[in-house]
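Visitor: Sending over a structure as structure tokens; questions will come in a sec.
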Amino acid sequence: MPFNIDDDEYVAKLLTQDAKKTSQTYDLVGIDAFSSKRSRPGAPKPNTNFLRHIIRQTDSHNAALLAKEAEESSSRLRRMNREREKERTEAVDRARRNIEGRLSPPLRHKDSRKCHSRRRADNDGERDRGRDPLEALVGPLPPPPEPTVRSRGRGALKANSLGIESRFSASYDPSVDVRPGSDAEDDWDEAIEAMRDRQKWKQQGADRLRAAGFKDEQVKRWEKGGDPLEDEVVWTKKGQDREWDRGKIVDDDGDVALKAEWGRLR
Numbered sequence: 002m003p004f005n006i007d008d009d010e011y012v013a014k015l016l017t018q019d020a021k022k023t024s025q026t027y028d029l030v031g032i033d034a035f036s037s038k039r040s041r042p043g044a045p046k047p048n049t050n051f052l053r054h055i056i057r058q059t060d061s062h063n064a065a066l067l068a069k070e071a072e073e074s075s076s077r078l079r080r081m082n083r084e085r086e087k088e089r090t091e092a093v094d095r096a097r098r099n100i101e102g103r104l105s106p107p108l109r110h111k112d113s114r115k116c117h118s119r120r121r122a123d124n125d126g127e128r129d130r131g132r133d134p135l136e137a138l139v140g141p142l143p144p145p146p147e148p149t150v151r152s153r154g155r156g157a158l159k160a161n162s163l164g165i166e167s168r169f170s171a172s173y174d175p176s177v178d179v180r181p182g183s184d185a186e187d188d189w190d191e192a193i194e195a196m197r198d199r200q201k202w203k204q205q206g207a208d209r210l211r212a213a214g215f216k217d218e219q220v221k222r223w224e225k226g227g228d229p230l231e232d233e234v235v236w237t238k239k240g241q242d243r244e245w246d247r248g249k250i251v252d253d254d255g256d257v258a259l260k261a262e263w264g265r266l267r
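Each residue of the sequence shown is one higher than the one before, starting from 2 at the first, in the working numbering.
Shown next as structure tokens:
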């Protein structure tokens, strides 16, 4: 049978034989079995001195580069440490000046203005929460008179009662530290005063409604607590503020916020 190099089976057979032969040679001579050529006895030898010189020069160059990089890294680290120490020293100095109270006057004035603004905002919020329900219609109430402190009920102190320190004395007698009188009289006085306050409040509210332009029938219905009739409802005209828009304002940024209306209806 003629040998055909294009036959896959023949090529595989040749490769198998070559592999077996190479394996046997490797067992005898080692790695030289895979060398395609063997050096001839008269072949020229390489210049090993030149090669060793090149290797030494390369090692010296690499060592010089490593030393230079190490020196630059150490210098950069020392510079960073000096800057960090400088910043720490400046921070300690600033803290010491603040503790000693040596702040500049403009900064103190600025802080005082901020505190004053916060206190003024808190006071405005307290006034909004405690305002009169008729204030949006007819304006704020006049300033109330100074209240009179009165003591009522059982256990009320007399005008010439003892101080708080005397109550801890061994000679203190609680039976003499009360105002003589009956509880029924005190309750009657409280009821009379409450009724007068109610009448005074209704009279002031009626006067304010009349001053705002409300009719007498509407004022009387308000005093009785009745609901307004359909023909008495005041409808908002075109261009006026709607009821659900009352108290809403648009600030400079275009945001809608709630703010109390101090004054009469427009």
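All C-beta atoms in this analysis are idealised placements derived from N, C-alpha and C, irrespective of residue type, glycine included.
Can you give me the start and stop residues for the beta strand (DSSP E) that I100 sits inside?
Guide: By 1-based counting over the sequence shown, the position of residue 100 is 99. That residue, I100, is in no beta strand (DSSP E); its alpha helix (DSSP H) goes T49 to I100.
Visitor: Quick one: what's I250 bridged to in DSSP?
Guide: Along the sequence shown, one-based indexing puts residue 250 at 249. Per DSSP, A258.
Visitor: By Cβ distance, which residues of its chain are closer than 6 Å to R168, with the 5 residues on each side in sequence left out?
Guide: Locating residue 168 in the sequence shown gives position 167, where the first residue counts as 1. Excluding sequence neighbours, R168 sits near nothing in its chain.
Visitor: Report the CB separation of L210 from W202 in whole angstroms; it is logged as a contact under 8 Å.
Guide: Within the sequence shown, residue 210 is the residue found at index 209, counting from 1. Within the sequence shown, residue 202 is the residue found at index 201, counting from 1. Not really, about 13 Å apart at Cβ, beyond 8 Å.
Visitor: Can you tell me whether DSSP reads Q200 as helix, strand or coil?
Guide: Numbered from its first residue, the sequence shown carries residue 200 at position 199. Three-state result, Q200: helix.
Visitor: Measure the Cβ-Cβ separation of V220 and A212 and say whether it is below 8 Å.
Guide: On the sequence shown, position 219 is the one that residue 220 refers to. On the sequence shown, position 211 is the one that residue 212 refers to. Not closer than 8 Å, so no.
Visitor: What separation, rounded to the nearest whole angstrom, lies between the Cα atoms of N48 and D7?
Guide: By one-based count along the sequence shown, residue 48 stands at place 47. By one-based count along the sequence shown, residue 7 stands at place 6. Distance between the alpha carbons of N48 and D7: 46 Å.
Visitor: Among the residues of its own chain, which have a CB less than 7 Å from the CB of Y173, if the five just before and after it don't count?
Guide: Position 172 of the sequence shown, counting from 1, holds the residue named residue 173. Only S167 meet the Cβ criterion.
Visitor: Taking only three categories from DSSP, how would you classify D178?
Guide: One-based indexing of the sequence shown puts residue 178 at position 177. Three-state DSSP puts D178 in coil, outside helix and strand.
Visitor: Output the distance between the C-alpha atoms of R53 and K46, rounded to the nearest integer angstrom.
Guide: Walking along the sequence shown from the start, residue 53 turns up at place 52. Walking along the sequence shown from the start, residue 46 turns up at place 45. Cα-Cα distance, rounded: 14 Å.
Visitor: Along the chain, where does the alpha helix (DSSP H) containing A13 start, and where does it finish?
Guide: As a position in the sequence shown, residue 13 is number 12, starting the count at 1. Start and end: D9 to V30.
Visitor: Alpha carbon to alpha carbon, what distance is there between K238 and D252?
Guide: For the purposes of this step, residue 252 is taken as residue 251 along the sequence shown, with counting starting at 1. For the purposes of this step, residue 238 is taken as residue 237 along the sequence shown, with counting starting at 1. When rounded, the distance between both Cα atoms is 24 Å.
Visitor: Does A213 come out as helix, strand or coil in the three-state DSSP assignment?
Guide: Stepping through the sequence shown from its first residue, residue 213 is reached at position 212. Of the three classes helix, strand and coil, the one that applies to A213 here is coil, per DSSP.
Visitor: Which word fits T17, buried or exposed, when buried means at least 16 other C-beta atoms lie within 10 angstroms of its C-beta?
Guide: For this step, residue 17 is matched to residue 16 along the sequence shown. Exposed is the call here.
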